[in-house]
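Read in order, the letters of the sequence shown correspond to residues 34 to 512 in the numbering used here.
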Amino acid sequence: MKKSGVLMHISSLPGGYGCGSFGIPAYKFIDFLAESGFSCWQVLPFGWPDEYGSPYKAISAFAGNPYFIDLPTLMHEGLLTPEELASSYQSTPYLCEFGRLSDERLSLLRKASERVPADERTKIDAFIKENEHMSDFCFFMAKKEANGQKSWWEFDKSIDIDPDVLFMHKFIQYKFFRQWMLVKSYAAERGIEIIGDLPMYPDLDSADVYAEPKLFQLDENNRPEAVAGVPPDYFSSDGQLWGNPLYNWDEIRKDGYQWWCDRIRWQLTLFDGVRIDHFRAFSEYFSIPFGAESAKEGCWKKGPGIQFVKILKKVADGKLLIAEDLGDIDEKTVNLLRRSHLPGMRVFQFAFLSENSVHMPHNYPENCVAYTGTHDNNTLLGYLWESSDSDKHLITDYIGFPYERWKDACPSIIKTLLRSPADRVIIPIQDLLGFGADTRMNTPGVAANNWGFRVTEEQLDSLDRYRLHYINSLYGRCN
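Written out as structure tokens, the structure is:
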């Protein structure tokens with residue numbers, strides 16, 4: 034059965050405490066999806082965000098974002114007081130309050146962790162002990178606290194960690210997992226599959242690199258020999274210098290890619306399927322000399338290839354893996370994707386960049402996931418506003434819509450994707466709502482003023498569920 038869904042990160046959900054969470058609004062959003070005929074909810078990575086709110090440079094490939102823990106739930110469990118909850122109430126419902134969250138949330142969660150009864154503390158310790166990577170992360174965070182938040186290569190090994198800080202991080206990961214798995218279970222009951230997102234690289238100053246530095250391209254001083262990024266492309270004329278450490282594939286291969294296998298298993302515990310960001314790196318990865326001023330100084334090097342991808346597919350055991358095959362894609366990557374039989378991505382906003390592009394809906398294969406745009410694109414309406422007059426003519430001609438009314442073309446573009454051959458069509462929530470460029474989630478290559486977009490309950494309620502259900506049914510995608 035063909036499917037459709039909505040792309041919206043947890044942080045963008047409605048709520049009262051500075052960021053979307055695993056609380057009641059998450060359940061209501063699942064109800065909206067089911068009642069509108071959708072069957073997929075795609076989210077962004079669940080890891081700890083960086084100082085700018087980005088979930089793509091996490092300090093752990095296994096640990097969850099503490100800001101997603103629902104505070105009212107903790108209060109009902111007796112772990113927070115009503116006064117503490119009230120003091121955390123947000124200033125605005127329209128943006129994530131990253132600065133305030135960074136300043137206040139951990140201290141609040143520490144108070145909650147100190148009130149955990151003895152029997153639950155035993156459960157929490159057991160949960161963390163069962164997951165080696167989670168245990169590594171909690172120890173890493175306690176060690177970081179003891180060292181005044183210095184980077185791990187500057188740690189003083191003689192400094193003891195605070196057991197209360199260690200338990201706080203165990204508590205955070207336990208509550209994150211328990212709350213999320215209840216949301217995921219409810220989604221399954223309502224026929225909604227949840228698709229996660231797996232960033233290619235962890236941050237240099239992360240628990241993963243600290244625990245197993247040999248798996249990364251580091252020198253004898255634990256500094257990167259080269260870092261990750263991409264060359265100039267549609268998003269940036271200078272390319273993107275991400276700065277993450279690159280994998281040491283020769284070392285990772287020695288134990289059968291165990292770290293990566295563990296990572297896929299964990300992701301497929303959290304989600305029903307997962308999008309693998311920057312799939313091209315499995316064919317060839319872009320290596321930029323450490324200290325380079327621009328990504329233009331980098332070059333492509335050989336990745337782990339088809340045998341590695343086959344191992345990941347075996348671990349996935351039939352669950353959905355989506356290959357993000359956007360950007361500067363060469364024939365080697367195309368061949369790797371073809372041999373892997375994984376679905377790739379198609380994005381309508383790329384359709385008119387070249388003649389008869391693979392991103393034009395009539396060229397979509399069945400085995401793909403089609404999007405109006407991704408988290409890195411402008412919103413669909415913002416894209417139309419910024420398109421040239423000639424492109425507006427092409428777009429409206431293609432979808433059979435009057436050029437004079439191009440500002441109203443978003444619903445027709447969405448219908449065009451829904452009736453395409455693509456097995457899955459995913460629509461960002463901003464495009465479903467018809468929002469403009471001011472609600473864009475991310476502008477690649479720009480650090481600040483991203484990731485903060487949120488919707489309100491009133492905005493979600495403005496969507497006509499019966500109409501959406503009819504359209505999904507009309508094109509054979511109804512849940």
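All C-beta atoms, glycine included, are put in the ideal place defined by N, C-alpha and C.
Everything numeric in this text was worked out from a predicted model, so none of it was measured.
> Buried or exposed: alanine 480, going by 16 or more other Cβ atoms within 10 Å of its Cβ?
Replying inline: Counting from 1 along the sequence shown, the entry for residue 480 is found at position 447. Under a 10 Å Cβ-count criterion, alanine 480 is classified as exposed, with fewer than 16 other Cβ atoms of the shown protein chains found around its own Cβ.
>> So within the segment 38-84, which uninterrupted beta strand (DSSP E) runs reach at least 3 residues, ignoring any that extend past its ends?
In response: Restricting attention to beta strand (DSSP E) runs no shorter than 3 residues, the segment 38-84 encloses them at 73-75, ordered along the chain.
>> On the CB-based measure, 16 or more other CB atoms within 10 Å of its CB, does glutamine 382 come out buried or exposed?
In response: Within the sequence shown, numbered from 1, the residue matching residue 382 stands at position 349. With 16 or more neighbouring CB atoms inside 10 Å of its own CB, glutamine 382 falls in the buried class.
> Cα-Cα, which of Asn475, Asp230, Asp363 is closest to asparagine 411?
Replying inline: Here residue 411 is taken as the residue at index 378 of the sequence shown, counted from 1. Looking only at Asn475, Asp230, Asp363, the smallest Cα-Cα distance to asparagine 411 is reached by Asn475.
>> Is it buried or exposed, methionine 41, if we count other Cβ atoms within 10 angstroms and call 16 or more buried?
In response: For the purposes of this step, residue 41 is taken as residue 8 along the sequence shown, with counting starting at 1. Methionine 41 should be labelled buried.
> Helix, strand or coil: which one does DSSP assign to valine 348?
Replying inline: Within the sequence shown, numbered from 1, the residue matching residue 348 stands at position 315. Secondary structure of valine 348 (DSSP, three-state): helix.
>> Given this structure, state the Cα-to-Cα distance separating valine 260 from valine 380, to the nearest angstrom.
In response: Here residue 260 refers to the residue found at position 227 when the sequence shown is read from its first residue. Here residue 380 refers to the residue found at position 347 when the sequence shown is read from its first residue. The C-alpha of valine 260 lies about 28 Å from the C-alpha of valine 380.
>> Just to confirm, is the Cβ distance from phenylalanine 209 to arginine 154 under 9 Å?
In response: Residue 209 sits at position 176 when you count from the first residue of the sequence shown. Residue 154 sits at position 121 when you count from the first residue of the sequence shown. In terms of Cβ geometry, phenylalanine 209 and arginine 154 do not form a close pair [threshold 9 Å].
>> Taking only three categories from DSSP, how would you classify tyrosine 404?
In response: Taking the sequence shown and counting its residues from 1, the one referred to as residue 404 is at position 371. Tyrosine 404 falls in the strand class under three-state DSSP.
> If you scan the segment 248-316 from start to end, which runs of the beta strand (DSSP E) of 3 or more residues do you find wholly inside it?
Replying inline: Taking only runs of at least 3 residues, the beta strand (DSSP E) segments lying wholly in the segment 248-316 are 259-263, 273-278, 306-309.
> Alpha carbon to alpha carbon, what distance is there between glycine 111 and alanine 119?
Replying inline: Along the sequence shown, read from residue 1 onward, the residue named residue 119 stands at position 86. Along the sequence shown, read from residue 1 onward, the residue named residue 111 stands at position 78. So the alpha carbons of these two residues sit roughly 15 Å apart.
> Considering glycine 229, what are the terminal residues of the beta strand (DSSP E) in which it resides?
Replying inline: Residue numbering aside, residue 229 sits at position 196 when the sequence shown is read from its first letter. Where glycine 229 is concerned, the enclosing beta strand (DSSP E) stretches over 226-231.
> What residue does the beta strand (DSSP E) around methionine 378 start on, and which one ends it?
Replying inline: Numbered from its first residue, the sequence shown carries residue 378 at position 345. Under the DSSP assignment, methionine 378 falls in the beta strand (DSSP E) whose first and last residues are 377-380.
> Tell me the DSSP bridge mates of leucine 354?
Replying inline: For the purposes of this step, residue 354 is taken as the residue at position 321 of the sequence shown. Val307, per the DSSP bridge assignment.
> Can glycine 38 and isoleucine 321 be called in contact, C-beta distance under 9 Å?
Replying inline: Taking the sequence shown and counting its residues from 1, the one referred to as residue 38 is at position 5. Taking the sequence shown and counting its residues from 1, the one referred to as residue 321 is at position 288. Taking 9 Å as the cut-off, the Cβ atoms of glycine 38 and isoleucine 321 do not count as close.
> Can methionine 233 and asparagine 281 be called in contact, C-beta distance under 9 Å?
Replying inline: Position 200 of the sequence shown, counting from 1, holds the residue named residue 233. Position 248 of the sequence shown, counting from 1, holds the residue named residue 281. Taking 9 Å as the Cβ cut-off, methionine 233 and asparagine 281 do not qualify as a contacting pair.
>> Could you compute how far the alpha carbon of methionine 393 sits from the alpha carbon of isoleucine 447?
In response: Position 360 of the sequence shown holds residue 393. Position 414 of the sequence shown holds residue 447. So the alpha carbons of these two residues sit roughly 13 Å apart.
>> Check this for me: beta carbons of phenylalanine 95 and methionine 167, under 9 Å apart or not?
In response: For the purposes of this step, residue 95 is identified with residue 62 of the sequence shown, where counting begins at 1. For the purposes of this step, residue 167 is identified with residue 134 of the sequence shown, where counting begins at 1. Methionine 167 sits close to phenylalanine 95, with the two beta carbons spaced by under 9 Å.
> Which residues mark the beginning and the end of the alpha helix (DSSP H) in which valine 149 is found?
Replying inline: Within the sequence shown, the letter at position 116 stands for residue 149. Per DSSP, valine 149 belongs to no alpha helix (DSSP H) and is neither H nor E.
> Of the choices Glu117, Ser124, Gly97, Ala314, whose alpha-carbon is the least far from that of cysteine 171?
Replying inline: Sequence index remark: in the sequence shown, residue 171 carries index 138 (1-based). Its Cα nearest to that of cysteine 171, the residue Gly97 stands out among Glu117, Ser124, Gly97, Ala314.
>> Using only the alpha-carbon positions, how far apart do glutamate 163 and alanine 244 sit?
In response: As a working mapping, residue 163 is identified with position 130 in the sequence shown. As a working mapping, residue 244 is identified with position 211 in the sequence shown. In a straight line, the C-alpha of glutamate 163 is about 17 Å away from that of alanine 244.
> Can you tell me whether DSSP reads tyrosine 207 as helix, strand or coil?
Replying inline: As a position in the sequence shown, residue 207 is number 174, starting the count at 1. Here tyrosine 207 carries a helix assignment [DSSP, helix/strand/coil].
> When burial is assigned at 16 or more other CB atoms within 10 Å of the CB, is glutamate 130 buried or exposed?
Replying inline: In the sequence shown, the residue the question calls residue 130 occupies position 97. Label assigned to glutamate 130: buried.
>> Quick check for students: name the residue ranges of the alpha helix (DSSP H) that lie wholly in the segment 141-206, counting only runs of 4 or more.
In response: Counting only runs that start and end inside the segment 141-206, the alpha helix (DSSP H) elements of at least 4 residues fall at 151-163, 165-179.
> Among residues of its own chain, excluding the 5 on either side of valine 488, which ones have a beta-carbon nearer than 8 Å to its beta-carbon?
Replying inline: Within the sequence shown, residue 488 is the residue found at index 455, counting from 1. In the same chain as valine 488, and ignoring 5 residues on each side of it, the C-beta atoms closer than 8 Å to its own belong to Met41, Ser45, Leu46, Pro47, Ile462, Leu466, in chain order.
> Is isoleucine 321 helix, strand or coil when you go by DSSP?
Replying inline: Taking the sequence shown and counting its residues from 1, the one referred to as residue 321 is at position 288. In this structure, DSSP gives isoleucine 321 an extended state, which the three-state scheme calls strand.
> Under a Cβ-count criterion, where at least 16 other Cβ atoms within 10 Å of its own Cβ denotes burial, should proline 196 be classed as buried or exposed?
Replying inline: Taking the sequence shown and counting its residues from 1, the one referred to as residue 196 is at position 163. Using a 10 angstroms sphere on the CB of proline 196, the tally of other CB atoms stays under 16, which defines it as exposed.
> Is the segment 296-308 in contact with the segment 246-257, if contact means three or more CB pairs nearer than 8 Å?
Replying inline: Judged by Cβ distances under 8 Å, the segment 296-308 makes no contact with the segment 246-257, as fewer than three pairs qualify.
> Can you check whether the CB of cysteine 401 is closer than 9 Å to the CB of alanine 455?
Replying inline: Along the sequence shown, read from residue 1 onward, the residue named residue 455 stands at position 422. Along the sequence shown, read from residue 1 onward, the residue named residue 401 stands at position 368. Taking a C-beta distance under 9 Å as the contact criterion, alanine 455 and cysteine 401 qualify as a contact pair.
>> Under DSSP, the alpha helix (DSSP H) around proline 115 begins and ends at which residues?
In response: Mapped onto the sequence shown, residue 115 falls at position 82. Segment 115-120, the alpha helix (DSSP H) holding proline 115.
> Expressed to the nearest angstrom, what Euclidean distance is found between the alpha-carbon atoms of methionine 108 and glutamate 116?
Replying inline: For the purposes of this step, residue 108 is taken as the residue at position 75 of the sequence shown. For the purposes of this step, residue 116 is taken as the residue at position 83 of the sequence shown. So the two alpha carbons sit approximately 10 Å from each other.
> Residue range of the alpha helix (DSSP H) that cysteine 332 falls in?
Replying inline: The sequence position of residue 332 within the sequence shown is 299, counting from 1. Per DSSP, cysteine 332 belongs to no alpha helix (DSSP H); it is in the beta strand (DSSP E), 332-335.
>> Our contact map puts proline 99 next to isoleucine 194 with C-beta atoms below 8 Å; I'd like the distance itself, whole angstroms only.
In response: Working through the sequence shown from its first residue, we reach residue 99 at position 66. Working through the sequence shown from its first residue, we reach residue 194 at position 161. So it is not a contact: roughly 18 Å between Cβ atoms.
> For leucine 359, which of helix, strand or coil comes out of DSSP?
Replying inline: The sequence position of residue 359 within the sequence shown is 326, counting from 1. Three-state DSSP puts leucine 359 in coil, outside helix and strand.
>> Would arginine 296 and isoleucine 339 be called neighbours here (beta carbons separated by less than 9 Å)?
In response: Indexing the sequence shown from 1 puts residue 296 at position 263. Indexing the sequence shown from 1 puts residue 339 at position 306. With contacts defined as CB atoms closer than 9 Å, arginine 296 and isoleucine 339 fail to qualify as a contacting pair.
> In three-state terms, what does DSSP make of isoleucine 460?
Replying inline: Counting from 1 along the sequence shown, the entry for residue 460 is found at position 427. Reduced to three states, the DSSP call for isoleucine 460 is strand.
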